[in-house]
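Notes follow the structure.
There are 2 protein chains.
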Amino acid sequence: MRKSRRERLEREGWVVGSVKEFLGLSEADAVLIEMKLSLSRSLRERRRRYGLSQIELARRLHSSQSRVAKMETGDPSVSMDLLVSSLLLLGATSSDLAKSIRGEGRNKNGRAA
Amino acid sequence: MRKSRRERLEREGWVVGSVKEFLGLSEADAVLIEMKLSLSRSLRERRRRYGLSQIELARRLHSSQSRVAKMETGDPSVSMDLLVSSLLLLGATSSDLAKSIRGEGRNKNGRAA
DNA sequence: ATGGGATATGTCGGATCTGACATAAGCTCA
DNA sequence: TGAGCTTATGTCAGATCCGACATATCCCAT
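Line by line, the protein sequences give chains E and L.
So in the working numbering, spot 23 of the first sequence is number 24, and the numbers just go up one at a time.
So in the working numbering, spot 77 of the second sequence is number 78, and the numbers just go up one at a time.
Dropping the structure here:
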């Protein structure tokens, strides 16, 4: 019983069913990149809202101005972990991050989440 | 004028105002770890929903069984990028990820987002 | 019990990310 | 103009993460 569904699915091979359930490799990265860009925008927005320069923020993060710049410009060398932990340090809540990740980055005031 | 707020904030020094606007370093990682654990649970849930073994999933991800195990057990060597891109490949949407990150991981059916 | 599939844990070389530094480019104000 | 502040870009050594492999543990069916 527990196995019936499983075996059925396995027989189907690579892609399960006709509805595409799995994203292709490239499509998945595209979405990931979008998410990171959205987080980048949120970071810049949040930093500016607090009137901090990149250097000042870098100090709080125990990082450097150049890395902050890379975070905000969406440099590919920046991980999601770094973006998220930086946002958290700037006081973003899980809900704020969720909004940003969801792509509802900009609200009616033109602010990033 | 654009500067007045900024200068006022800067004068305050490390923490702006009496309301805590910035998270401490350790508090921020705690939240980050929580988020990653939530993503881990989502991954396991999603894999099982498709009736895949870790080996089968690893193949789709071009990864290995041991890394999948580490992802699902919340091993500290696993990045958020890896968790998120794996979930995306398994067909999770941005909204699914947002829910998981927000900590609303489990719904009324006991399912992870 | 035991054999086999599934999952967990430890380790390692290579890949990627990080902070730091240097330097360039943009802005604003005197 | 140019001094001073801010942000962007390139580079690099060290830190961290990744896939892979080996091995251990767990869980069922037999």
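Cβ coordinates follow ideal geometry from the N, Cα and C atoms, glycine included.
Excluding the 5 residues flanking residue i on each side, which residues of the same chain have their C-beta closer than 6 Å to its C-beta?
i                     : result
serine 101 of chain E : Ser39, Leu40, Ser43 and Ala114
leucine 33 of chain L : none
Excluding sequence positions up to five away, which residues of its chain have a Cβ less than 8 Å from the Cβ of residue i?
i                      : result
lysine 37 of chain E   : Gly75, Val79, Met81 and Leu84
glycine 104 of chain E : Glu35, Met36 and Ser39
alanine 29 of chain E  : none
What does the alpha-carbon distance come out to for the pair residue i and residue j?
i                       : j                       : result
arginine 48 of chain E  : leucine 58 of chain E   : 7 Å
alanine 70 of chain E   : leucine 62 of chain E   : 13 Å
tyrosine 51 of chain E  : leucine 53 of chain L   : 47 Å
glutamate 35 of chain L : leucine 89 of chain L   : 19 Å
threonine 94 of chain L : glutamate 22 of chain E : 11 Å
serine 64 of chain E    : serine 64 of chain L    : 31 Å
leucine 26 of chain L   : proline 77 of chain L   : 17 Å
Give the interface partners of residue i over in chain E, defined as CB-CB distance under 7 Å, in chain order.
i                         : result
leucine 91 of chain L     : Phe23
isoleucine 102 of chain L : Ser95, Leu98, Ala99 and Ile102
arginine 48 of chain L    : Those do not exist, as arginine 48 of chain L stays about 11 Å from chain E at its closest Cβ, beyond 7 Å.
Can you pull the chain L neighbours of residue i, defined as C-beta to C-beta under 8 Å?
i                     : result
valine 85 of chain E  : Leu33, Met36 and Met81
alanine 29 of chain E : Ser86, Leu89 and Leu90
Please name the residue in the options whose C-alpha comes closest to that of residue i.
i                     : options                        : result
alanine 31 of chain E : L/Arg103, L/Ser87 and L/Gly25  : L/Ser87
leucine 24 of chain L : E/Leu91, E/Gly104 and E/Arg103 : E/Leu91
For residue i, go through chain L and note every residue whose CB falls closer than 9 Å to its CB, in chain order.
i                        : result
aspartate 117 of chain E : This structure gives no information on residue 117 of chain E, because the portion of chain E shown stretches from 2 to 114.
Which same chain residues, not among the five before or five after residue i, have their C-beta less than 7 Å away from its C-beta?
i                       : result
glutamine 66 of chain E : Gln55, Ile56 and Ala59
leucine 98 of chain L   : Val85 and Leu88
glutamate 73 of chain E : Ser41, Leu44 and Arg45
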